[in-house]
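Read through the structure below, which is laid out as structure tokens, and then see the notes.
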Amino acid sequence: MFAKIKCNSHDSMNDNKNPGIVLLMQREDATALLYADPHNPMRHLQRGILHSQLGYPDLAAADAYRALTLFEAMIDPDSSEYRPRKKVGLDAVELISSSGLVDRDTSMNVHVGAGGSDYGEPESYDDDVDQNGHMEEDEEEEEGFEPISQDEYTENICNVYILLVKSLVQCGCMRDAYGFCIQAMSLQDSELKSSFGIFEEQLAIIKRSITDRQRSGQQTEKCGDSTNNQDLETEAEMLARFQPSDLSAQGRAKRVLYPWNTYEPDR
Numbered sequence: 015m016f017a018k019i020k021c022n023s024h025d026s027m028n029d030n031k032n033p034g035i036v037l038l039m040q041r042e043d044a045t046a047l048l049y050a051d052p053h054n055p056m057r058h059l060q061r062g063i064l065h066s067q068l069g070y071p072d073l074a075a076a077d078a079y080r081a082l083t084l085f086e087a088m089i090d091p092d093s094s095e096y097r098p099r100k101k102v103g104l105d106a107v108e109l110i111s112s113s114g115l116v117d118r119d120t121s122m123n124v125h126v127g128a129g130g131s132d133y134g135e136p137e138s139y140d141d142d143v144d145q146n147g148h149m150e151e152d153e154e155e156e157e158g159f160e161p162i163s164q165d166e167y168t169e170n171i172c173n174v175y176i177l178l179v180k181s182l183v184q185c186g187c188m189r190d191a192y193g194f195c196i197q198a199m200s201l202q203d204s205e206l207k208s209s210f211g212i213f214e215e216q217l218a219i220i221k222r223s224i225t226d227r228q229r230s231g232q233q234t235e236k237c238g239d240s241t242n243n244q245d246l247e248t249e250a251e252m253l254a255r256f257q258p259s260d261l262s263a264q265g266r267a268k269r270v271l272y273p274w275n276t277y278e279p280d281r
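Its first residue numbered 15, the sequence shown is counted upward by one per residue in the working numbering.
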């Protein structure tokens, strides 16, 4: 099931409010629901979209990576100590990004079922890990949760990759973005849907980042020597010898006081 943006604590918000304030209020609700439902990958995806719309691609990448980790644990339970699941009976925040994602050119849906690197791992709040690395939970907690379904994986996994790749590109983490982009392009057709072109576009941006850097270096070397400008490589020649290892592995993120940070205002 999916619906338009709805945040339970702020249903009475007026349309004429500052869009930034509205997004911050929605983020507050999404975070509260995430704390109550921490192993639900859709919750992380929901908040990641809001972080992207608020202009924090680093935080969006972290949320998307957590969502991906949980979805991958559903396919391969041995890949993570966390079990993807959703809290039964918890009101859902279901989002449709009406203005698109990251660069506002792609509409994304987050589908939530009726029941419910350096990017970080899904938080474990009240669960314990036994000596075999599996989660120990009391029966009362188990009764309040249900597994993530295959349909939920299929409906959401492509959007997770879109958010992750675009956010990493915005941060300048091109090597990681390239890896996840290639990974996404190998999804099954039922999961990839009509989004292959989005990843092709991101792949072109990623590759262009290295040609731009190389061209800038060549121009610096030949600065002042106009007779050698004709020797500059063309973009096609640069792309012909493209190697993923040449991509930038380090990106940048804004160092700011987040609007929701009320506990360390002097940071």
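Backbone N, C-alpha and C fix where the C-beta goes; we use that ideal spot for every residue, glycine too.
All of these numbers come straight from a predicted model, not from anything done at the bench.
Residues near residue i in its chain [Cβ-Cβ closer than 7 Å; skip 5 each side]
i              : result
tyrosine 272   : none
methionine 88  : Pro98, Ile162, Tyr167
methionine 199 : Phe210, Phe213
alanine 75     : Tyr133, Leu178, Ser181, Leu182, Cys185
valine 270     : none
Residue burial classification, residue i (beta-carbon count within 10 angstroms, cutoff 16)
i             : result
glutamine 67  : buried
aspartate 43  : buried
threonine 276 : exposed
leucine 177   : buried
tyrosine 49   : exposed
lysine 100    : buried
aspartate 77  : buried
asparagine 32 : exposed
alanine 218   : exposed
alanine 250   : exposed
valine 116    : Any reading at valine 116 is ruled out, since the residue's pLDDT is 43, under 50, leaving its predicted position unreliable.
Bridge partner(s) assigned by DSSP for residue i
i           : result
arginine 99 : Pro161
Other residues of its chain near residue i: CB distance less than 6 Å, five sequence neighbours each side excluded
i              : result
aspartate 140  : For aspartate 140, the predicted model reports a pLDDT of 46, less than 50, meaning its position is unreliable and no value from the coordinates is stated.
isoleucine 220 : Met188, Ala191, Tyr192
valine 174     : Leu59, Ala78, Ala81, Leu82
leucine 38     : Pro273
glutamine 197  : none
glutamate 278  : none
cysteine 195   : Val179, Phe213, Gln216, Leu217
Member of the options whose CA lies at the smallest distance from the CA of residue i
i                : options                        : result
glycine 265      : Val179, Gln257, Thr83, Glu251  : Val179
tryptophan 274   : Asn32, Gln40, Lys31            : Gln40
valine 183       : Phe159, Glu215, Asn32, Glu157  : Glu215
glycine 34       : Ala50, Gly69, Asp51            : Gly69
aspartate 51     : Glu169, Ala75, Ala81           : Ala81
alanine 46       : Arg57, Tyr79, Asn170           : Arg57
glutamate 160    : Arg269, Leu37, Asn54, Lys268   : Asn54
aspartate 226    : Ser208, Gln197, Phe256         : Phe256
phenylalanine 85 : Leu104, Phe194, Glu157, Asn170 : Asn170
serine 181       : Leu38, Val36, Pro71            : Pro71
alanine 254      : Arg222, Val270, Lys268         : Arg222
glycine 186      : Lys268, Cys172, Glu278, Val36  : Lys268
Residues near residue i in its chain [Cβ-Cβ closer than 8 Å; skip 5 each side]
i            : result
arginine 189 : Pro258, Ser259, Leu261, Ser262, Ala263
leucine 73   : Gly62, His65
leucine 104  : Leu47, Ala50, Asp51, Gly130
cysteine 172 : Ala198, Leu201, Glu205, Leu206, Lys207, Ser209
C-beta neighbour in chain C for residue i, strict 7 Å
i          : result
lysine 180 : Here there is only one protein chain, and chain C is not present.
**OP:** Examine the Cβ distances between the stretch 190 to 210 and the stretch 88 to 97 and report whether three or more of them are shorter than 8 Å.
**Re:** no
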